[in-house]
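Report on the following structure.
Numbering (the numbering used here), first residue to last: 212 to 579.
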């Protein structure tokens, strides 16, 4: 029997797991997800690493070695996280080869404290790429205004990028432009564009969480009927932007030189509202040339009972625009929401990074 995850893959959606830990690697758990549930990539972030270090003793030996050599906490974090990503890259190497570099990808994020410093972000992206030293690593750069030139600079160096923390359609357009600028600069410098890949991580469930809370406060019947609709509408309109971006003379020139499209990646796909279907942000966002990065709970739900019926994005653009128009009519400011979500997202990443540093610092102190 063809499983829902297999159907999803056949519909053109790459399934990436939104989690990584050394325990997943050493136990063979990640390998089983690759074999059994069609997982073809992994994304990480500071929250994931902080949780992994706090929950598993698989890092004890490395922490002891780092403590013995007097390694400071920032360098210890770099060593621990890049070792996990490098090992995961090796595990996904067959997928990377089989898909000509499209999948088999493992993402690691730059220090989120650098998100407002383009030069420092680009420098750390280079360091992460060099430290991991695997062609299937993706360096995650937040899509802040300062992050845009860092994205361009990193792509121009031939480093593949996962652009993260995208909430607004306007910012997504700017992200696409930053990618194209980077490709143009790489081409001018004589780099091989076929080796450069990128995804643009468009966040979904957080949009519904924030907007639905505002609709609840509005309290009207019309407002209540809009709950649970904004996240999908926003993401579907992002896919329309993606389609438009690869139907231009600018893109034709780059693809003629071997460039790869920057695929939309649906992030934050775990459903927060228990009244909504637990696979809503999977089944509602099926279209070719996309990625869905799922927490394991969502992956398991998808494998168990998701109904995959083919493309659920194409043909929805008029209705999706109508949802955003209705939100404005109800008094919910789209611009206000996406600005708040980006600010909160960065704060969450910074808090998780601080937690990660504190966890490693405590482990180093205990090992000394």
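For each residue, glycine too, the CB sits at the ideal point set by N, CA and C.
Point to revise | Where residue 239 falls: helix, strand or coil (DSSP) | key: If you number the chain shown from 1, residue 239 lands on position 28. If DSSP states are grouped into helix, strand and coil, residue 239 belongs with coil.
Review point. What residues match up with residue 475 in a beta bridge as DSSP calls it?
Key: Position 264 of the chain shown, counting from 1, holds the residue named residue 475. DSSP lists 411 as partners of residue 475.
Exercise for review: State the beta-bridge partners of residue 252 as determined by DSSP.
Suggested key: Here residue 252 corresponds to residue number 41 of the chain shown, with the count starting at 1. Beta-bridge partners assigned by DSSP to residue 252: 227 and 316.
Check your understanding: By the 10 Å Cβ neighbour count, where 16 or more other Cβ atoms means buried, how is residue 375 classified, buried or exposed?
Key -> Position 164 of the chain shown, counting from 1, holds the residue named residue 375. Under the 10 Å beta carbon count, residue 375 is surrounded by 16 or more other beta carbons and is classified as buried.
Check your understanding: What's the call for residue 428, buried or exposed, on a 16-neighbour Cβ count within 10 Å?
Key -> The residue you call residue 428 lines up with position 217 of the chain shown. A residue is called buried once 16 or more other Cβ atoms fall within 10 Å of its Cβ, and residue 428, having fewer, is exposed.
Exercise for review: Can you tell me which of the three DSSP states residue 488 falls into?
Suggested key: For the purposes of this step, residue 488 is identified with residue 277 of the chain shown, where counting begins at 1. Of the three classes helix, strand and coil, the one that applies to residue 488 here is coil, per DSSP.
Check your understanding: Is residue 552 helix, strand or coil when you go by DSSP?
Key -> Residue 552 sits at position 341 when you count from the first residue of the chain shown. DSSP places residue 552 within a helical segment (H, G or I) once states are collapsed to three.
Check your understanding: In chain order, what residues of the same chain have a beta carbon less than 8 Å from the beta carbon of residue 299, not counting five sequence neighbours either side?
Key -> To locate residue 299, count along the chain shown from 1; it is residue 88. If the five residues before and after residue 299 are omitted, its C-beta is found closer than 8 Å to the C-beta atoms of 231, 236, 241, 253 and 317, all from its own chain and listed in chain order.
Review point. Looking only at DSSP bridge pairs, what is residue 577 linked to?
Key: As a working note, residue 577 is residue 366 in the chain shown. Bridge partners of residue 577: none, in fact.
Review point. Taking the continuous alpha helix (DSSP H) assigned at residue 350, which residues delimit it?
Key: Taking the first residue of the chain shown as position 1, residue 350 is located at position 139. From DSSP, residue 350 is part of no alpha helix (DSSP H) but of the beta strand (DSSP E) over 348-353.
Review point. Residue 361 and residue 413 look like a contact to me (Cβ under 8 Å); what is the Cβ gap, rounded to whole Å?
Key: In the chain shown, residue 361 corresponds to position 150, counting from 1. In the chain shown, residue 413 corresponds to position 202, counting from 1. In fact, because the Cβ distance is near 19 Å, the residues do not count as touching under 8 Å.
Exercise for review: Please state if the CB of residue 422 and the CB of residue 443 are separated by a distance shorter than 9 Å.
Suggested key: The residue labelled residue 443 in the question sits at position 232 within the chain shown. The residue labelled residue 422 in the question sits at position 211 within the chain shown. No, the Cβ-Cβ distance between residue 443 and residue 422 is not below 9 Å.
Practice item. Within 10 angstroms of the Cβ of residue 395, are there 16 or more other Cβ atoms? Answer buried if so, exposed if not. Key: By 1-based counting over the chain shown, the position of residue 395 is 184. Buried, by the Cβ-count rule.
Review point. Is it true that the segment 454-469 meets the segment 546-563, where meeting means three or more beta-carbon pairs spaced less than 8 Å apart?
Key: In short, these stretches do not touch, since the Cβ pair count stays below three.
**Study point:** residue 502, enclosing beta strand (DSSP E) - first and last residue
**Key:** What you label residue 502 is simply residue 291 of the chain shown in a count that begins at 1. Taken as a continuous stretch (DSSP letters only), the beta strand (DSSP E) holding residue 502 covers 501-505.
Point to revise | Unbroken alpha helix (DSSP H) run spanning residue 376, endpoints | key: Numbered from its first residue, the chain shown carries residue 376 at position 165. Element bounds for residue 376: not the alpha helix (DSSP H) but the beta strand (DSSP E), 372-377.
Check your understanding: For residue 486, does the count of other Cβ atoms within 10 angstroms reach 16, so buried, or fall short, so exposed?
Key -> Mapped onto the chain shown, residue 486 falls at position 275. Exposure of residue 486 is indicated by the presence of fewer than 16 other C-beta atoms within 10 angstroms of its C-beta.
Review point. Considering residue 540, what are the terminal residues of the alpha helix (DSSP H) in which it resides?
Key: The sequence position of residue 540 within the chain shown is 329, counting from 1. First-last of the alpha helix (DSSP H) with residue 540: 528-540.
**Study point:** Sequence-distant residues of the same chain with beta carbon closer than 7 Å to residue 321, five excluded per side
**Key:** For the purposes of this step, residue 321 is taken as residue 110 along the chain shown, with counting starting at 1. Within the same chain, Cβ atoms closer than 7 Å to the Cβ of residue 321 are found at 332, 335, 336, 339, 350, 351 and 352, the five residues on either side in sequence being excluded.
Check your understanding: Which residue comes first and which comes last in the alpha helix (DSSP H) that contains residue 212?
Key -> What you label residue 212 is simply residue 1 of the chain shown in a count that begins at 1. Following the DSSP letters along the chain, one finds residue 212 in no alpha helix (DSSP H), marked with neither H nor E.
Exercise for review: Would you check if the segment 248-264 and the segment 563-574 touch, i.e. whether three or more CB-CB distances between them fall below 8 Å?
Suggested key: Taking a cut-off of 8 Å on C-beta distances, the segment 563-574 touches the segment 248-264, as three or more cross pairs fall below it.
Exercise for review: Following the continuous alpha helix (DSSP H) through residue 519, name the residue where it begins and the one where it ends.
Suggested key: Counting from one through the chain shown, the residue named residue 519 turns up at place 308. Where residue 519 is concerned, there is no enclosing alpha helix (DSSP H), because DSSP gives it neither an H nor an E.
Practice item. Drop a sphere of 10 angstroms on the beta-carbon of residue 295, count the other beta-carbons inside from all chains shown, and report buried for 16 or more, exposed for fewer. Key: Position 84 of the chain shown, counting from 1, holds the residue named residue 295. Buried, by the Cβ-count rule.
Exercise for review: Taking the CB atoms as reference points, tell me whether residue 540 and residue 419 lie closer together than 9 Å.
Suggested key: Taking the chain shown and counting its residues from 1, one reaches residue 540 at position 329. Taking the chain shown and counting its residues from 1, one reaches residue 419 at position 208. Contact: no.
Check your understanding: With a Cβ-Cβ cutoff of 9 Å, do residue 383 and residue 452 count as a contact?
Key -> Taking the first residue of the chain shown as position 1, residue 383 is located at position 172. Taking the first residue of the chain shown as position 1, residue 452 is located at position 241. At the C-beta level, residue 383 and residue 452 come within 9 Å of one another.
Check your understanding: In or out: residue 505 buried (at least 16 other Cβ within 10 Å) or exposed?
Key -> Working through the chain shown from its first residue, we reach residue 505 at position 294. Here residue 505 is buried: its Cβ has 16 or more other Cβ atoms, across all protein chains shown, within 10 Å.
**Study point:** Short Cβ contact (9 Å threshold) for residue 471 with residue 405
**Key:** Within the chain shown, numbered from 1, the residue matching residue 471 stands at position 260. Within the chain shown, numbered from 1, the residue matching residue 405 stands at position 194. Closer than 9 Å, so yes.
Review point. How would you label residue 483, buried or exposed, when you count the other beta carbons within 10 angstroms and need 16 or more for buried?
Key: Within the chain shown, residue 483 is the residue found at index 272, counting from 1. Within 10 angstroms of the beta-carbon of residue 483 lie fewer than 16 other beta-carbons, which makes it exposed.
Check your understanding: Where does residue 516 land, buried or exposed, given buried means 16+ other C-beta within 10 angstroms?
Key -> Counted from its first residue, the chain shown places residue 516 at position 305. Counting Cβ neighbours within 10 Å, residue 516 comes out exposed, since fewer than 16 surround it.
Review point. Out of curiosity, what's the CA-to-CA distance linking residue 523 and residue 480?
Key: Working through the chain shown from its first residue, we reach residue 523 at position 312. Working through the chain shown from its first residue, we reach residue 480 at position 269. About 15 Å.
Practice item. Provide the residue span of the alpha helix (DSSP H) that contains residue 362, from first to last. Key: If you number the chain shown from 1, residue 362 lands on position 151. Segment 358-367, the alpha helix (DSSP H) holding residue 362.
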